[in-house]
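*Asks:* Chains A and B, in that order, are what the protein sequence lines are. For the first sequence, the working numbering gives the first residue as 138, with consecutive numbering after it. For the second sequence, the working numbering gives the first residue as 315, with consecutive numbering after it. The C-beta atom is built at its ideal place from N, Cα and C for all residues, glycine as well. Structure provided below as structure tokens; questions to follow.
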Amino acid sequence: MELLVLSNVNLAPITRRVPGHTVAVGEYGDVLRSLADRGSVAYADGLDAVILLLDADELLEAGDLLDEIPSALAAFSAARPDVLVVASTLHPDPATVVTYASARDPEGAGSRAAGFNAALRELAASSANIVVFDLGLVFDRYGREALIARAFWYAGRIPYTNLWFEECGRHLSGLLGAYRGQARKVLVCDLDGTLWGGVLGEDGPGGIVLGEDGIGKCHRDLQRRIKALQETGVLLAVASKNDHTDAESVLADHPMMILRPSDFAAMRIDWADKVTNIRAIADELSLGLDSFVFLDDHPVERALVAEHLPEVAVPEVPSRPELLSDWFVRDVVFPHFARLTILDTDRAKTEQYRARGERVAEAGQAVDLPAFLARLEIRIDLRTDDEFLVDRAAQMTQKTNQFNLTTRRCTPAEILAWARGDQYVVVTLGYQDRFGDEGVVGLAVLDRSSAEMPLFLLSCRVIGREVEIRLLDRIEELARDEGLPAIDCTFIPTARNGVAAGFLAARGWYATTETGTTTTTGADEAIRYRKDLV
Amino acid sequence: MNDEELEARVIGLVGRELGVPEGSITAATSSADVEKWDSLGHLQVCMALEAEFGISPELEELAELDSVSAIVDYVRDAG
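Structural data, given as structure tokens:
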């Protein structure tokens with residue numbers, strides 16, 4: 138992405154330190170003018186994000202500037218809905234000349250910074266294109282002694298050491314990755330030495346190390362963190378070399394386990410190698426290996442998986458159990474499962490995958506598809522240009538690979554701009570049946586002016602329920618209401634979306650000219666489809 | 315670390331921090347020879363000394379570190 142960093146101090150050294158992005162730095166001290174002046178760099182074409190990184194101590198010295206920034210940000214984000222705004226929180230030095238009195242001073246640095254940070258949170262809650270970056274992630278990890286460099290401040294208004302720039306750049310890169318939906322989806326855990334201490338096959342169920350003291354607590358706390366991660370929507374799986382019955386009984390019955398069998402979307406506990414088992418889990422969940430992270434305390438197992446499944450992320454596990462919890466958050470969750478929002482549908486994800494398993498069982502009993510679908514008691518909810526669903530809609534464009542006709546990835550800001558404007562109509566599909574509420578699972582977009590459907594997708598959770606037909610019918614209906622004689626859509630084949638290949642043809646669309654555009658895989662060519670509406 | 319190794323590390327550091335092609339910095343280079351060795355480039359070179367050599371120059375010393383040989387001497391004396 139093309140980034141612009143704005144600050145009240147000299148942050149020029151950050152340009153090389155946000156991996157994967159191109160960074161420009163605005164004139165320092167020019168924050169308010171840059172945000173307000175439509176001739177400034179912040180209004181340049183091609184800019185993807187403005188990053189506001191403010192030095193708290195300098196800003197607090199500058200009087201009223203602090204109070205003017207939130208409204209300037211709100212105005213800028215409204216004027217440039219296509220640009221992401223990342224605003225950092227303030228972390229002033231609590232050591233001032235009023236010493237211990239500062240803690241109770243409502244006009245003190247800490248209080249004023251807290252008020253500013255609260256204003257940022259409110260802004261982010263009401264604007265789809267504003268994100269708050271907690272600079273405490275940098276300051277609290279290393280401390281001011283390691284991050285503040287007075288010589289460079291007085292020589293050139295650079296307040297920080299290289300460590301600050303590197304750590305800040307790394308977090309910005311992670312945050313922007315989360316914005317673009319690059320998080321992984323599945324955490325595969327080993328058991329012995331990872332979820333608990335000791336070796337089940339040697340020590341027996343009563344001999345494994347798991348409890349509320351010492352090393353047992355290290356593993357139990359790791360389980361707590363893993364459980365909390367699962368509640369944000371990450372799927373858990375087990376890949377363990379163990380006797381299946383023994384391991385299952387520990388998972389189900391050991392009094393100190395936090396994670397239980399129902400927390401795992403898939404389990405492979407046997408004597409097969411882990412490469413085979415991780416592949417099997419990926420098949421079972423219908424998810425690509427590039428959305429997997431593998432945790433195993435054993436370096437040989439890690440090396441084997443890393444070598445044979447290079448798409449899988451395999452972080453180094455610390456050999457000291459006391460480091461497991463902090464390491465898990467910093468080196469597993471932040472790099473691989475970073476996110477900007479947690480939606481209600483994320484929290485319910487494991488339940489949805491489990492419900493899917495029950496529906497599959499139901500399908501096994503059903504004599505024919507229509508009867509099965511009738512017994513599901515499906516209710517759908519089609520909504521048009523609903524701004525509350527912008528985050529979920531963007532998330533689906535990022536995550537859906539199978540039933541996705543165009544595989545076009547979008548940011549929340551793009552979808553919001555479509556929903557607000559007259560040119561595009563954004564239609565979402567909500568789904569419920571008697572097994573549960575899947576939330577919003579389908580998305581289609583109609584471009585009225587070019588009579589084109591640039592986006593049509595359905596989450597794999599509801600493939601085979603025929604609800605995609607209702608979504609397409611709605612798009613056709615909207616196009617007819619608009620008086621369009623026909624609509625077009627370009628089906629772009631990928632390695633993953635074969636399931637959607639025949640869909641348009643089955644719904645009365647016909648192939649027109651083949652565009653000749655080759656896909657990224659080079660395997661197939663994009664196909665133009667048209668539906669006549671009159 | 316002998317002088318040759320030290321010199322090579324300083325040359326590498328200066329080139330990296332200024333973002334100039336390999337080979338454009340030599341033992342004889344001073345700030346006046348390189349366009350990118352301006353005031354900002356100079357600060358970035360000095361800031362990088364901390365990570366590379368564990369040395370944080372004082373404010374009064376910064377201006378003197380304006381050539382590869384001056385930086386080599388400074389790092390050698392500080393070590």
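1. Kindly indicate which three-state DSSP category E378 of chain B falls into: helix, strand or coil?
2. Residues in the same chain with beta-carbon distance under 6 Å from F431 of chain A, minus the five sequence neighbours each way, listed in chain order, please.
3. So, using beta-carbon positions, are I479 of chain A and V604 of chain A closer together than 7 Å?
4. Please check if any C-beta of chain B sits within less than 7 Å of the C-beta of F276 of chain A.
5. Is E331 of chain B near A362 of chain B, with beta carbons less than 7 Å apart?
6. Within the chosen definition, does the region 258-273 of chain A reach the region 229-239 of chain A through at least 3 CB pairs nearer than 8 Å?
7. Under 8 Å by Cβ, that's how I've got F628 of chain A and A638 of chain A pegged, so tell me the actual separation to the nearest angstrom.
8. How many angstroms separate the CA atom of R323 of chain B from the CA atom of L284 of chain A?
9. Determine the extent of the alpha helix (DSSP H) in which L461 of chain A is found, giving its start and end residues.
10. Could you tell me which residues DSSP pairs with C626 of chain A in its beta bridges?
11. Is there at least one Cβ from chain A nearer than 7 Å to A365 of chain B's Cβ?
12. In chain B, what lies closer than 7 Å to P150 of chain A by C-beta?
13. Helix, strand or coil for R278 of chain A, going by three-state DSSP, please let me know.
14. Run through chain A and tell me which residues come within less than 8 Å of E336 of chain B, C-beta to C-beta.
15. When the Cβ atoms of the region 398-405 of chain A are set against those of the region 337-349 of chain A, are three or more pairs found closer than 8 Å?
16. Please name the residues in the region 269-294 of chain A whose beta-carbon is closer than 8 Å to at least one beta-carbon of chain B, in chain order.
17. Straight-line CA distance for L320 of chain B to I369 of chain B?
18. Are the beta-carbon atoms of R585 of chain A and Q560 of chain A separated by less than 7 Å?
19. Which chain B residues sit within Cβ distance under 9 Å of V298 of chain A?
20. Along chain A, which residues have their Cβ under 9 Å away from the Cβ of S353 of chain B?
21. Give a yes or no on whether 7 Å exceeds the smallest Cβ distance from L373 of chain B to chain A.
22. With distances taken Cα to Cα, identify the nearest neighbour of K536 of chain A among A:G370, A:E444, A:P455, A:R607.
23. Who are the neighbours of L376 of chain B on chain A, taking C-beta pairs under 7 Å?
24. How many Å lie between R390 of chain B and C547 of chain A at the Cα?
25. In angstroms with no decimal places, state the Cα-to-Cα distance between G576 of chain A and S462 of chain A.
26. So the alpha helix (DSSP H) T159 of chain A belongs to, where does it begin and stop?
27. Would you list the residues sitting across from R405 of chain A in a DSSP beta bridge?
28. Can you confirm whether the region 157-177 of chain A touches the region 242-254 of chain A when touching is taken to mean that 3 or more C-beta pairs between the two stretches lie within less than 8 Å?
29. If contacts are defined as beta-carbon pairs under 8 Å, then A554 of chain A and D219 of chain A qualify, I think. What distance do you get, rounded to the angstrom?
30. Look at the alpha carbon of P371 of chain B and the alpha carbon of R153 of chain A, and state the distance between them as a whole number of angstroms.
31. Determine the direct distance from the alpha carbon of A246 of chain A to that of Y197 of chain A, and round the result to whole angstroms.
32. If you count every other CB in all the chains shown that lies within 10 Å of the CB of W351 of chain B, and 16 or more means buried, which is it?
33. Use the C-beta contact count for S381 of chain B: other C-beta atoms within 10 angstroms, 16 or more gives buried, fewer gives exposed.
34. Applying the criterion that 16 or more other CB atoms from any shown protein chain within 10 Å of the CB defines a buried residue, is R287 of chain A buried or exposed?
35. Taking only the alpha-carbon atoms, compute the straight-line gap between D383 of chain A and H356 of chain A and give it to the nearest angstrom.
*Replies:* Taking the geometry as given:
1. coil
2. V325, V442, V449, V451
3. no
4. no
5. yes
6. no
7. 7 Å
8. 24 Å
9. 461-464
10. A:Y666
11. yes
12. Q358, M361
13. helix
14. Within chain A, no residue comes near E336 of chain B; the closest Cβ sits about 16 Å away, beyond 8 Å.
15. no
16. A286, R287, A288, F289, Y291, A292, G293
17. 14 Å
18. yes
19. In the sequence as presented, Val is not what sits at residue 298 of chain A; that position holds Thr. Per Cβ cutoff of 9 Å: M361, E364, A365, S370.
20. A292, G293
21. yes
22. A:G370
23. A288, A292
24. 54 Å
25. 32 Å
26. From DSSP, T159 of chain A is part of no alpha helix (DSSP H) but of the beta strand (DSSP E) over 159-162.
27. A:A376
28. no
29. 6 Å
30. 22 Å
31. According to the sequence displayed, residue 197 of chain A carries Leu and not Tyr. Each residue's Cα considered, the two are about 7 Å apart.
32. buried
33. buried
34. exposed
35. 19 Å
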